[in-house]
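J.: Pasting a structure here, questions to come.
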Amino acid sequence: MKVLELHHSSYTNHQKRGEAMNTPQAWTEYIHLVPALKNAVVWKSLRQWSLSEVWRVTMPGGNTMIAKKGMGENSREAAVYEHLLRPLKVDSPIIYNAISEGSVGILLMEDVKGKSVEENPDGRYFIEAARKLAAMRTEVRSRLANKGTGIKDVFYLKKDKLINDLVHLKKQHQLLEINQDVNLQRALDVLPQHLEQLYKRFPVTITHNDYYPKNMVGINKTLKIIDWANANLSPHLGDLYCLITSAEEYGVSPKEVIDAYRNNVTEELAIDLDWQITMGGICWTIYMLRWLIDYGVDAIPEAKDWVPDMVNELERLLETLS
Ligand SMILES: Nc1ncnc2c1ncn2[C@@H]1O[C@H](COP(=O)(O)OP(=O)(O)O)[C@@H](O)[C@H]1O
Ligand SMILES: [Mg+2]
21 MKVLELHHSS YTNHQKRGEA MNTPQAWTEY IHLVPALKNA VVWKSLRQWS
71 LSEVWRVTMP GGNTMIAKKG MGENSREAAV YEHLLRPLKV DSPIIYNAIS
121 EGSVGILLME DVKGKSVEEN PDGRYFIEAA RKLAAMRTEV RSRLANKGTG
171 IKDVFYLKKD KLINDLVHLK KQHQLLEINQ DVNLQRALDV LPQHLEQLYK
221 RFPVTITHND YYPKNMVGIN KTLKIIDWAN ANLSPHLGDL YCLITSAEEY
271 GVSPKEVIDA YRNNVTEELA IDLDWQITMG GICWTIYMLR WLIDYGVDAI
321 PEAKDWVPDM VNELERLLET LS
């Protein structure tokens with residue numbers, strides 16, 4: 021009781037001074053941007069690393085919300101929700117507040133109640149994720165065709181960027197294994213013509229770019245996709261490539277996943293699916309390698325060791341093209 025009283029008196033003192041209670045140190049300087057958070061009674065850390073932190077906050081009535089702060093490159097997620105997901109009506113958690121200030125982006129969003137597919141890797145969720153991807157790509161493709169220029173150019177992944185990223189990667193000798201630069205030069209000889217085909221034959225639609233079980237929350241038989249920090253617009257099917265790769269790791273048949281995608285996507289997006297998945301893998305791997313070079317290697321100490329394997333996978337995918 022005594023403790024409660026003490027707690028209570030410190031609460032009122034805080035309140036009298038108009039300060040937020042319980043706010044983690046790292047949030048105090050941003051709390052004025054999201055006044056609702058001042059009332060939070062419990063903050064529980066869900067994940068923290070140098071470019072983002074995610075908390076579950078409990079409000080006085082007992083409701084919970086998710087507060088996510090992205091730094092540097094990861095601050096873009098607030099803009100993704102506001103200027104990409106919302107206008108294109110992409111199914112994603114409800115956003116109560118999305119704020120960008122300088123190099124920080126803050127999101128206050130719906131707490132999706134459920135377990136991630138990483139925690140509960142039921143095969144049916146992989147099939148559902150393929151269906152969901154098909155529906156999302158089909159819908160966004162048609163909405164973009166109608167809306168067109170309303171969406172900011174910053175979200176488009178240009179094919180020239182992918183080629184420039186590969187050129188940049190080739191020069192990262194400190195991260196590459198011996199001969200990988202030579203192999204990457206061979207990749208540069210064949211990739212531009214394939215990218216040309218991809219961008220000519222397939223329409224631009226949405227790409228999540230981190231389409232893995234850890235970013236899928238299962239609620240009964242449905243899924244909610246979270247963590248849109250890397251989303252952009254492009255014709256490549258990297259999301260299906262990521263989903264198949266993780267399905268294999270969990271012993272789920274890639275064929276069933278691919279069939280679920282094929283059966284739920286519009287015909288124009290289902291052409292040459294094997295080639296599209298390979299190209300998706302190539303585009304996604306280049307995108308992630310560039311991200312690792314620019315941010316990841318500094319932010320995640322062990323990330324340096326991921327580069328050679330990813331380059332090998334890139335080479336393997338490129339070989340299947342020729
Ligand atoms: N809207 C949400 N509802 C419920 N849990 C969430 C939500 N957003 C994030 N989480 C939880 O926090 C974790 C980290 O969030 P995420 O957005 O994936 O951040 P990171 O960029 O660090 O991967 C997720 O794996 C999930 O467990
Ligand atoms: Mg995540």
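In this note's numbering, the protein residues as written are 21 to 342. Glycine is no exception: its CB is placed at the ideal position from the N, C-alpha and C atoms.
#1: For Gln194, which of helix, strand or coil comes out of DSSP?
#2: Helix or strand or just coil, what does DSSP make of Leu243?
#3: Can you find the residues in the same chain that come closer than 8 Å, C-beta to C-beta, to Glu197, ignoring five residues on each side of it along the sequence?
#4: Nearest by alpha-carbon distance to Met299: which of Val74, Arg67, Ala323 and Glu339 is it?
#5: If you pair each beta-carbon of the region 190 to 207 with each one of the region 158 to 167, do three or more pairs fall below 8 Å?
#6: Give a single yes or no on whether Asn235 has its beta carbon closer than 7 Å to a heavy atom of ligand 1.
#7: Looking at the unbroken alpha helix (DSSP H) that takes in Val160, where does it start and where does it end?
#8: Taking the C-alpha atoms as reference points, what is the distance between Gly125 and Lys275?
#9: Go to Gln217, then tell me how far its alpha helix (DSSP H) extends in each direction, as first and last residue.
#10: Within the present structure, is the beta-carbon of Leu66 separated from the nearest heavy atom of ligand 1 by less than 7 Å?
#11: Can you give me the Cβ contacts of Leu108 inside the same chain, cut-off strictly under 6 Å, excluding the 5 residues immediately before and after it?
#12: What are the boundary residues of the beta strand (DSSP E) that includes Leu128?
#13: Is the region 126 to 140 in contact with the region 230 to 243, if contact means three or more CB pairs nearer than 8 Å?
#14: Who are the near neighbours of Glu39 in its chain, counting only those whose CB is closer than 7 Å to its CB and skipping five residues on each side?
#15: So, using beta-carbon positions, are His188 and Arg310 closer together than 8 Å?
#16: I need the straight-line Cα distance from Lys244 to Lys152, nearest angstrom please.
#17: Report yes or no: is there a C-beta of chain D within less than 8 Å of the C-beta of Val124?
#18: Just to confirm, are Cys303 and Ser254 a CB contact at a threshold of 8 Å?
#19: Do Glu148 and Thr225 have their CB atoms nearer than 8 Å?
#20: Which term fits Ser72, buried or exposed, when burial requires 16 or more other beta carbons within 10 angstroms of its beta carbon?
T.: From the atom records:
#1: coil
#2: strand
#3: Pro328 and Val331
#4: Glu339
#5: no
#6: yes
#7: Gly143 to Lys167
#8: 39 Å
#9: Gln200 to Arg221
#10: yes
#11: Val160 and Arg163
#12: Val124 to Glu130
#13: yes
#14: Because Glu39 sits at a pLDDT of 45, beneath the cut-off of 50, its placement in the model cannot be relied upon, and the point is left open.
#15: yes
#16: 9 Å
#17: Here there is only one protein chain, and chain D is not present.
#18: yes
#19: no
#20: buried
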